[in-house]
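*Asks:*
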Amino acid sequence: MKDNPYSLMFGKAPGQMISRMALSEEIYDAFLSETPSVMIYMLMGVRGSGKTVMMTELSEKLGSYKDWITVELNPSRDLLVGLASKLYNEKGLSRIFDKAKINLSFFGIGVEMEGTQKIYDIEVAIDHMLRALKKNGKKVLVTIDEVVNSSEMRIFASAYQIFIRDDLPLFLIMTGLYENIYALQDEKNLTFLYRAPKIKLGSLDMGSIAAHYRKVFDIDEDTSREMAKLTKGYPFAFQVLGYYTYEHGGDYKKAIFDFRQRLNEYVYDKIWSELSANDKKVANAIAMSKTGRIAEIREILGMDSNGFAPYRERLIKKGIVNGTDRGYIRFELPLFDEYVKDNYI
Ligand SMILES: Nc1ncnc2c1ncn2[C@@H]1O[C@H](COP(=O)(O)OP(=O)(O)OP(=O)(O)O)[C@@H](O)[C@H]1O
Ligand SMILES: [Mg+2]
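Quick note on numbering that gives the first Met the number 0: the sequence shown kicks off at 0 and runs consecutively.
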């Protein structure tokens, strides 16, 4: 048997992908425009929705353009020092900085330079570096995966705000869970993040998933649609179902046991553990409901609509629940109702 083409690994571009063309194109168009009106995007979505994969794809594509420099920063380290040091070590750039006489030796970056003033403030250092890059027609894309509302992030974001106000060529893509991104933008000096476009990574196109499975497994249309429905368009589920169907010689029905177990172990346990006690209670009522009607769910909970609305809202924003049909809600994640019933105590 050939190697399984699907991937169960997180954060790594899978061999088999369903494109999110419209979303990525929006970002390329904005960033590559002559006078970009947007320089920052935030990718939000539940675990396993493809944030890291999309961020990596955007970064690789933008990095392939002439004069674009891409830098990935670790959100749990000092981001400003990280940025200065990565820029300095980027191929061909140290020459530009040395020529501009930017002395970074205080930060342990580069070499001691005779006859130049040491810079002691990291924001000033980056400001000088970006100005030198701008003069050379360069643009910098910073990517930060899994942001949280930490002091490192807050310091970075408030400095970032000043760099773009000064018209410096610094673009930013961040990913994060809804609750973390909202906590960060709620900080009082970071309100500019409120206006930054947020892209929620929802489900993949069902037609494309069915067409994809049809081709790989050489199955009929109905079967391929059943498979697509089983994934609910959830990116990780697309990989898992493909993976185990492949392992079972192309029969997806034999793959369902593993499919379910893998989803539970790899993502649902984590998602569940991150829900508050009240969110779990609401999730349980959704799982118990026969119709998915909000009226029925509220009755199970004994809640009025005012009490229920914030839970609904939050579970939708987290990407766990879908509320597009008025008066109804249902889980976005495949077999999650089963998971909730099994795990709610
Ligand atoms: N466009 C896509 N088409 C097919 N599969 C995808 C796509 N995007 C992501 N996946 C798959 O979904 C899974 C999760 O992707 P990724 O690691 O990017 O999620 P994430 O949102 O970053 O999750 P986490 O919040 O846990 O970091 C991986 O197995 C990946 O292969
Ligand atoms: Mg990720």
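All C-beta atoms in this analysis are idealised placements derived from N, C-alpha and C, irrespective of residue type, glycine included.
Find the nearest neighbour of Y310 within the set L274, L334 and E331, judged by alpha-carbon distance.
*Replies:* As a working mapping, residue 310 is identified with position 311 in the sequence shown. The shortest C-alpha separation from Y310 is found at L274.
*Asks:* So, does the CB of N3 fall closer than 7 Å to a CB anywhere in chain C?
*Replies:* No chain C appears in the structure shown, which is made up of a single protein chain.
*Asks:* Using DSSP with H/G/I as helix, E/B as strand and the rest coil, what is R329?
*Replies:* The sequence position of residue 329 within the sequence shown is 330, counting from 1. In the displayed model, R329 falls within a strand according to three-state DSSP.
*Asks:* Between S18 and the rest of its own chain, which residues show a CB-CB distance below 8 Å, the 5 nearest in sequence each way excluded?
*Replies:* Along the sequence shown, one-based indexing puts residue 18 at 19. The answer, listed in chain order, is S207.
*Asks:* Pull up the CB-CB distance for Y40 and P234, whole angstroms please, since I reckon it's below 8 Å.
*Replies:* Residue 40 sits at position 41 when you count from the first residue of the sequence shown. Residue 234 sits at position 235 when you count from the first residue of the sequence shown. Y40 to P234, Cβ: 18 Å. No contact.
*Asks:* Exposed or buried, F335, counting other C-beta atoms within 10 Å across all chains shown (16 or more means buried)?
*Replies:* One-based indexing of the sequence shown puts residue 335 at position 336. Counting Cβ neighbours within 10 Å, F335 comes out buried, since at least 16 surround it.
*Asks:* Please report the straight-line C-alpha distance between E111 and L171, rounded to a whole angstrom.
*Replies:* Numbered from its first residue, the sequence shown carries residue 111 at position 112. Numbered from its first residue, the sequence shown carries residue 171 at position 172. Each residue's alpha carbon lies about 30 Å from the other.
*Asks:* Given that a residue counts as buried once 16 or more other Cβ atoms are within 10 Å of its Cβ, and exposed if not, what is I270?
*Replies:* Working through the sequence shown from its first residue, we reach residue 270 at position 271. I270 is buried by the Cβ-count criterion.
*Asks:* Alpha carbon to alpha carbon, what distance is there between K137 and G91?
*Replies:* As a working mapping, residue 91 is identified with position 92 in the sequence shown. As a working mapping, residue 137 is identified with position 138 in the sequence shown. Approximately 12 Å, taken between the alpha carbons.
*Asks:* Do L169 and V123 have their C-beta atoms closer together than 7 Å?
*Replies:* By one-based count along the sequence shown, residue 169 stands at place 170. By one-based count along the sequence shown, residue 123 stands at place 124. For L169 and V123, no; Cβs fall outside 7 Å.
*Asks:* Where are the beta strand (DSSP E) runs, 3 residues long or more, that stay fully inside the stretch 156-234, in chain order?
*Replies:* 169-175 and 197-199
*Asks:* Check whether the Cβ atoms of L42 and K50 lie closer than 7 Å to each other.
*Replies:* Sequence index remark: in the sequence shown, residue 42 carries index 43 (1-based). Sequence index remark: in the sequence shown, residue 50 carries index 51 (1-based). The answer is yes: Cβ separation under 7 Å.
*Asks:* Looking only at its chain, what residues have a beta carbon closer than 8 Å to the beta carbon of N277, apart from the 5 residues adjacent to it on each side?
*Replies:* As a first step, residue 277 must be located in the sequence shown, where it is residue number 278. Around N277: Y310.
*Asks:* May I ask you to report which of helix, strand or coil DSSP gives R292?
*Replies:* Locating residue 292 in the sequence shown gives position 293, counting from the first residue. Strand, per DSSP.
*Asks:* Whose C-beta lies closer than 6 Å to the C-beta of P314 among residues of the same chain, with five residues either side of it excluded?
*Replies:* Your numbering for residue 314 matches position 315 in the sequence shown. Just to set this straight, residue 314 is Leu in the shown sequence, not Pro. Cβ neighbours of L314 beyond the five flanking positions: V320.
*Asks:* Check whether the Cβ of S272 lies closer than 6 Å to any heavy atom of ligand 1, and answer yes or no.
*Replies:* As a position in the sequence shown, residue 272 is number 273, starting the count at 1. Not so, every heavy atom of ligand 1 lies at least 6 Å from the Cβ.
*Asks:* What are the start and end residues of the beta strand (DSSP E) that includes V70?
*Replies:* Stepping through the sequence shown from its first residue, residue 70 is reached at position 71. Where V70 is concerned, the enclosing beta strand (DSSP E) stretches over W67 to L72.
*Asks:* So L22 and I180 are in contact, right, with Cβ under 8 Å, and what is the actual spacing, rounded?
*Replies:* The residue you call residue 22 lines up with position 23 of the sequence shown. The residue you call residue 180 lines up with position 181 of the sequence shown. Between I180 and L22 the Cβ distance is about 16 Å, and since that is not below 8 Å, they are no contact.
*Asks:* Hey, which residues come within less than 7 Å of ligand 2, measuring from Cβ to any heavy atom, in chain order?
*Replies:* F9, G10, K50, T51, D144, E145 and T174
*Asks:* Just checking my contact of K386 with V141 at CB under 8 Å: how many whole Å lie between their CB atoms?
*Replies:* Because the chain in this structure spans residues 0 to 344, residue 386 falls outside the shown range and cannot be described.
*Asks:* Compute the beta-carbon to beta-carbon distance between Y242 and M226, rounded to the nearest angstrom, for a pair I have assumed lies under 8 Å.
*Replies:* The residue labelled residue 242 in the question sits at position 243 within the sequence shown. The residue labelled residue 226 in the question sits at position 227 within the sequence shown. The Cβ separation is near 12 Å, so there is no contact.
*Asks:* Quickly, what does DSSP pair Y40 with across the bridge? List them, please.
*Replies:* Taking the first residue of the sequence shown as position 1, residue 40 is located at position 41. In the DSSP output, where bridge partners are listed per residue, Y40 has I172.
*Asks:* Apart from the five residues just before and just after F191, which ones in its own chain have a Cβ nearer than 6 Å to its Cβ?
*Replies:* The count along the sequence shown starts at 1 and reaches residue 191 at position 192. Counting only Cβ-Cβ distances below 6 Å, and skipping sequence neighbours, we find Q160.
*Asks:* Going by CA-CA distance only, name the one from I143, W67, F162 and K117 that's closest to R130.
*Replies:* Position 131 of the sequence shown, counted from the start, is the residue given in the question as residue 130. Check the Cα spacing between R130 and each of I143, W67, F162 and K117: the tightest is with F162.
*Asks:* What residues are listed by DSSP as bridge partners for V266?
*Replies:* Counting from one through the sequence shown, the residue named residue 266 turns up at place 267. According to DSSP, V266 bridges with nothing at all.
*Asks:* Compute every distance between the C-beta of I319 and the non-hydrogen atoms of ligand 1, then say whether any falls below 6 Å.
*Replies:* Position 320 of the sequence shown, counting from 1, holds the residue named residue 319. I319 Cβ: outside cutoff for every heavy atom of ligand 1.
*Asks:* Are R329 and G291 closer than 7 Å when you measure CB to CB?
*Replies:* For this step, residue 329 is matched to residue 330 along the sequence shown. For this step, residue 291 is matched to residue 292 along the sequence shown. In this structure, G291 lies closer than 7 Å to R329 by Cβ.
*Asks:* Going by the CB atoms, is the gap between E220 and G175 shorter than 7 Å?
*Replies:* Position 176 of the sequence shown, counted from the start, is the residue given in the question as residue 175. Position 221 of the sequence shown, counted from the start, is the residue given in the question as residue 220. Taking 7 Å as the Cβ cut-off, G175 and E220 do not qualify as a contacting pair.
*Asks:* Which class does T244 belong to by DSSP, given the choice of helix, strand or coil?
*Replies:* Stepping through the sequence shown from its first residue, residue 244 is reached at position 245. If DSSP states are grouped into helix, strand and coil, T244 belongs with the helices.
*Asks:* Smallest Cα separation from M54: which of L78, G10 and Q260?
*Replies:* In the sequence shown, counting from the first residue as 1, residue 54 sits at position 55. The residue with the shortest Cα to Cα distance from M54 is G10.
*Asks:* Does A209 pass the burial test, meaning 16 or more other C-beta atoms within 10 Å, or should it be called exposed?
*Replies:* In the sequence shown, the residue the question calls residue 209 occupies position 210. Under this definition A209 is a buried residue.
*Asks:* My understanding is that Y267 touches Y327, with C-beta atoms under 8 Å, so please give their C-beta distance in whole angstroms.
*Replies:* Indexing the sequence shown from 1 puts residue 267 at position 268. Indexing the sequence shown from 1 puts residue 327 at position 328. About 22 Å separates the two Cβ atoms, so there is no contact after all.
*Asks:* Just tell me which of N3, R164 and H247 has its CA closest to the CA of D126.
*Replies:* As a first step, residue 126 must be located in the sequence shown, where it is residue number 127. Of the candidates N3, R164 and H247, the one whose C-alpha sits nearest the C-alpha of D126 is R164.
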